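Encoded as structure tokens, the structure appears first; notes follow it.
Residue numbers (my numbering): 581 to 869.
So, in structure tokens, the structure goes:
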């Protein structure tokens, strides 16, 4: 009733910055995106995405959410330079690409960069090793940054003459078991199958389409604390509801329902996104009084 029993593997996300120019399409599709796919990475440009905010707000948000950034500096495009500056200021892992070494300013030459001289084959050859390095570095950053644990999940069944609704109280612990202060938490989402609604401290949680999995809903929950020092932990308490059956739909109302599967916890931070699958298995029964 949450998700199936299979575990979701979330691929690393690379946000690609480059000029909005048709001459870069083959570089992007046949070079950057093709190599990323081969390396098990999702690479996207902002013009491939659907969004409601302004394009600059979207770029900021995608840089924040990305595991790492790949930027083509060819031609010294001012927009790309500005966006790379934002990424560097937020401590993101970045790899710079260019067709000519002259496009990398002197004060940025110490940053990792790939010179491909206009050759897609050269780009693919060099970028494969670079993306694998980025993945490795990202995993080092993420290791033990957060420990997310399902502390408890208990439920009851609310029945009327016409419907049966599962009400589940979920407690999640988020802890910092590393030796350094955690990155700042920007947002936390719980991803579930459709049909679920959540509340936190008596207030309904905003929800919308998941960006991780199609046909799945994500629910925004408030973080217990924005940063966790080494050894600190916080607690998230939410209440979930889902209608299990309705006589108006021709369903039989049962006295008990089994809820099995998993939910996904997604933590947006200043250093990227952390995800954790939490298995759930419980029965909800009608109270005898």
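Virtual Cβ for every residue (Gly too), placed ideally from N, Cα, C. These figures come from a predicted structure and were not determined experimentally.
- prompt: So residue 857 is in the beta strand (DSSP E); what residue range does that whole segment cover?
  reply: If you number the chain shown from 1, residue 857 lands on position 277. First-last of the beta strand (DSSP E) with residue 857: 852-865.
message: Please return the same chain residues whose Cβ sits closer than 6 Å to the Cβ of residue 813, not counting the five positions on each side in sequence.
response: Within the chain shown, numbered from 1, the residue matching residue 813 stands at position 233. So the qualifying residues of the chain are 753, 755.
- request: Within the same chain, show all residues whose beta-carbon is closer than 6 Å to that of residue 585, passing over the 5 residues directly before and after it, in chain order.
  value: To locate residue 585, count along the chain shown from 1; it is residue 5. Confidence is the limiting factor: at residue 585 the pLDDT is only 48, short of 50, which leaves the residue's position unreliable, though a coordinate-based value still follows. Excluding positions up to five away in sequence, the list is empty.
query: Given a threshold of 16 other Cβ atoms within 10 Å of its Cβ, counted over all protein chains shown, does residue 762 qualify as buried or as exposed?
result: Locating residue 762 in the chain shown gives position 182, where the first residue counts as 1. Burial call: buried.
- prompt: So, are the CB atoms of residue 764 and residue 807 less than 8 Å apart?
  reply: Within the chain shown, the letter at position 184 stands for residue 764. Within the chain shown, the letter at position 227 stands for residue 807. Yes, these two residues count as a Cβ contact at 8 Å.
task: Could you have a look at residue 827 and say whether DSSP puts it in helix, strand or coil?
output: Here residue 827 refers to the residue found at position 247 when the chain shown is read from its first residue. Looking at residue 827 - three-state DSSP - the assignment turns out to be helix.
message: Within the continuous alpha helix (DSSP H) that includes residue 636, where are the two ends?
response: On the chain shown, residue 636 is found 56 positions in, with the first residue counted as 1. Boundaries of the alpha helix (DSSP H) around residue 636: 635-645.
query: Would you call the segment 825-832 and the segment 729-744 in contact, with 3 or more CB pairs under 8 Å?
result: Yes, since at least three Cβ pairs between the segment 825-832 and the segment 729-744 fall closer than 8 Å, the two stretches touch.
task: Check the C-beta distance from residue 643 over to residue 672 and give it rounded, since I have them as a contact under 8 Å.
output: Sequence index remark: in the chain shown, residue 643 carries index 63 (1-based). Sequence index remark: in the chain shown, residue 672 carries index 92 (1-based). About 6 Å; that satisfies the 8 Å criterion.
- request: With distances taken Cα to Cα, identify the nearest neighbour of residue 816 among 769, 693, 596.
  value: By 1-based counting over the chain shown, the position of residue 816 is 236. Distance check between residue 816 and each of 769, 693, 596 places 769 closest, using alpha-carbon atoms only.
task: Could you tell me which residues DSSP puts in a beta bridge with residue 813?
output: Along the chain shown, one-based indexing puts residue 813 at 233. Answer is 755.
message: From the DSSP secondary-structure annotation, give me the bridge partner or partners of residue 819.
response: Position 239 of the chain shown holds residue 819. In the DSSP assignment, the residues bridged to residue 819 are 749, 779.
query: Which two residues bound the contiguous beta strand (DSSP E) that contains residue 593?
result: Position 13 of the chain shown, counted from the first residue, corresponds to residue 593. Its beta strand (DSSP E) spans residues 593-597.
message: Using a Cβ-Cβ cutoff of less than 8 Å, which residues in the same chain neighbour residue 680 once the five nearest sequence positions on both sides are dropped?
response: Locating residue 680 in the chain shown gives position 100, where the first residue counts as 1. Only 654, 695, 697 meet the Cβ criterion.
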